[in-house]
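Here the structure comes first, spelled out in structure tokens, and everything after it is commentary.
And the structure:
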């Protein structure tokens with residue numbers, strides 16, 4: 002698919018039935034949703050997932066790494082495939098894309114929303130958001146990418162999946178898949194997206210939600226703290242249900258055990 006500003010966006014389209022659109026987190030791509038894509042397709046739904054610009058197999062322009070642009074790319078995809086009555090499912094940074102899409106384009110094509118370990122309403126620490134992530138951490142992420150991103154992604158995978166916690170179920174495959182997808186993100190997108198997902202305020206976007214919304218977050222998320230994000234989102238969105246996964250990491254959709262639980266919760270929500 003080619004966007005309104007001539008950027009080619011790669012997407013997958015699996016199965017038949019009511020559409021479920023998956024929006025990946027940073028620094029991943031649509032492959033992060035393969036388990037869920039197969040799960041929904043096997044259960045009578047149509048799974049769609051795209052690589053965000055600058056990620057995976059999509060084009061890598063120098064500019065356009067802001068949430069207005071990401072939301073408009075999603076809108077282009079929804080229009081291109083003429084998706085209607087869709088459930089939007091977003092992880093991490095993708096939650097900002099979902100929120101801004103509804104803020105800018107409404108819910109005319111949307112039936113439900115799912116926010117998984119997502120960054121809204123705002124991730125960065127401030128006097129109004131004392132539970133958020135400090136500026137020094139966000140700056141350190143950008144510096145790590147520029148300094149030696151391959152090793153940085155290997156190191157980052159540990160906290161992303163909770164591999165640094167006793168008794169974790171993280172596999173080497175989880176770590177390798179994270180590194181592989183991260184290395185297919187452009188370095189420009191990697192750095193620019195940190196400012197975008199760290200400092201964009203989605204509060205007004207969340208207030209525009211008028212569809213049933215499922216918020217899922219692990220209470221041991223070391224990347225996107227639940228008290229700064231998931232719990233506040235569930236309070237802001239008018240018709241939201243919050244499910245807290247005890248001890249779960251940021252990578253819920255991929256870690257054995259948490260993945261299966263999320264798949265079950267997702268399917269139950271889809272059937273409503």
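In the numbering used here, the protein residues as written are 2 to 273.
For each residue, glycine too, the CB sits at the ideal point set by N, CA and C.
No experiment lies behind these values; they were computed from the predicted model shown.
Residue i - containing alpha helix (DSSP H), residue span
{"i": "residue 147", "result": "136-162"}
{"i": "residue 304", "result": "For residue 304 there is no data in the structure shown, the boundaries of the chain being 2 and 273."}
{"i": "residue 36", "result": "35-43"}
{"i": "residue 172", "result": "Where residue 172 is concerned, there is no enclosing alpha helix (DSSP H), given that its DSSP letter is neither H nor E."}
{"i": "residue 1", "result": "Only positions 2 to 273 of the chain appear in the structure, and residue 1 is not among them; the question remains open."}
{"i": "residue 126", "result": "Unbroken run through residue 126: none, as it is neither H nor E."}
Alpha carbon of residue i to alpha carbon of residue j, nearest angstrom
{"i": "residue 127", "j": "residue 226", "result": "14 Å"}
{"i": "residue 264", "j": "residue 255", "result": "10 Å"}
{"i": "residue 184", "j": "residue 53", "result": "14 Å"}
{"i": "residue 110", "j": "residue 273", "result": "17 Å"}
{"i": "residue 24", "j": "residue 11", "result": "12 Å"}
{"i": "residue 247", "j": "residue 93", "result": "18 Å"}
{"i": "residue 77", "j": "residue 9", "result": "11 Å"}
{"i": "residue 131", "j": "residue 125", "result": "9 Å"}
{"i": "residue 55", "j": "residue 245", "result": "31 Å"}
{"i": "residue 258", "j": "residue 252", "result": "11 Å"}
{"i": "residue 149", "j": "residue 40", "result": "36 Å"}
{"i": "residue 117", "j": "residue 213", "result": "14 Å"}
{"i": "residue 155", "j": "residue 261", "result": "25 Å"}
Cβ-Cβ distance between residue i and residue j below 8 Å
{"i": "residue 202", "j": "residue 123", "result": "yes"}
{"i": "residue 115", "j": "residue 215", "result": "yes"}
{"i": "residue 90", "j": "residue 21", "result": "yes"}
{"i": "residue 271", "j": "residue 88", "result": "yes"}
{"i": "residue 169", "j": "residue 163", "result": "yes"}
{"i": "residue 188", "j": "residue 142", "result": "no"}
{"i": "residue 186", "j": "residue 28", "result": "yes"}
Residue from the options with nearest C-alpha to residue i
{"i": "residue 167", "options": "3, 191, 249", "result": "249"}
{"i": "residue 81", "options": "147, 69, 4", "result": "4"}
{"i": "residue 79", "options": "51, 56, 92", "result": "51"}
{"i": "residue 138", "options": "198, 68, 83, 73", "result": "198"}
{"i": "residue 208", "options": "200, 182, 236, 196", "result": "236"}
{"i": "residue 70", "options": "100, 85, 244, 260", "result": "100"}
{"i": "residue 112", "options": "96, 84, 135", "result": "84"}
{"i": "residue 30", "options": "49, 7, 58, 86", "result": "58"}
{"i": "residue 49", "options": "67, 68, 75", "result": "75"}
{"i": "residue 136", "options": "234, 200, 210", "result": "200"}
For residue i, the first and last residue of its enclosing beta strand (DSSP E)
{"i": "residue 113", "result": "111-117"}
{"i": "residue 242", "result": "241-246"}
{"i": "residue 23", "result": "20-24"}
{"i": "residue 55", "result": "Neither: residue 55 is in no beta strand (DSSP E) and is coded neither H nor E."}
Chain C within 8 Å of residue i, Cβ atoms only
{"i": "residue 138", "result": "In summary, chain C is missing from the structure at hand, where a single protein chain is found."}
Contact test: residue i Cβ vs the ligand MG heavy atom, cutoff 7 Å
{"i": "residue 229", "result": "As presented, the structure is devoid of all ligands, the ligand MG included, so that no description of it is given."}
Checklist entry - Does the count of Cβ pairs from the segment 42-62 and the segment 13-30 closer than 8 Å reach three? => result yes
Next on the checklist: Closer than 8 Å is the cut-off here; do at least three beta carbon pairs connect the segment 175-183 with the segment 224-240?
Outcome noted: no
Checklist entry - With contact counted as at least three CB pairs below 8 Å, one residue from each stretch, are the segment 229-237 and the segment 55-73 in contact? => result no
Checklist entry - Using 8 Å as the threshold, is the segment 32-41 in touch with the segment 96-112, meaning 3 or more CB pairs across them? => result Taking 8 Å as the limit for Cβ pairs, the verdict is that the segment 96-112 does not touch the segment 32-41.
Item to check | Segment contact flag, the segment 217-224 with the segment 179-194, C-beta cutoff 8 Å, min 3 pairs | outcome: no
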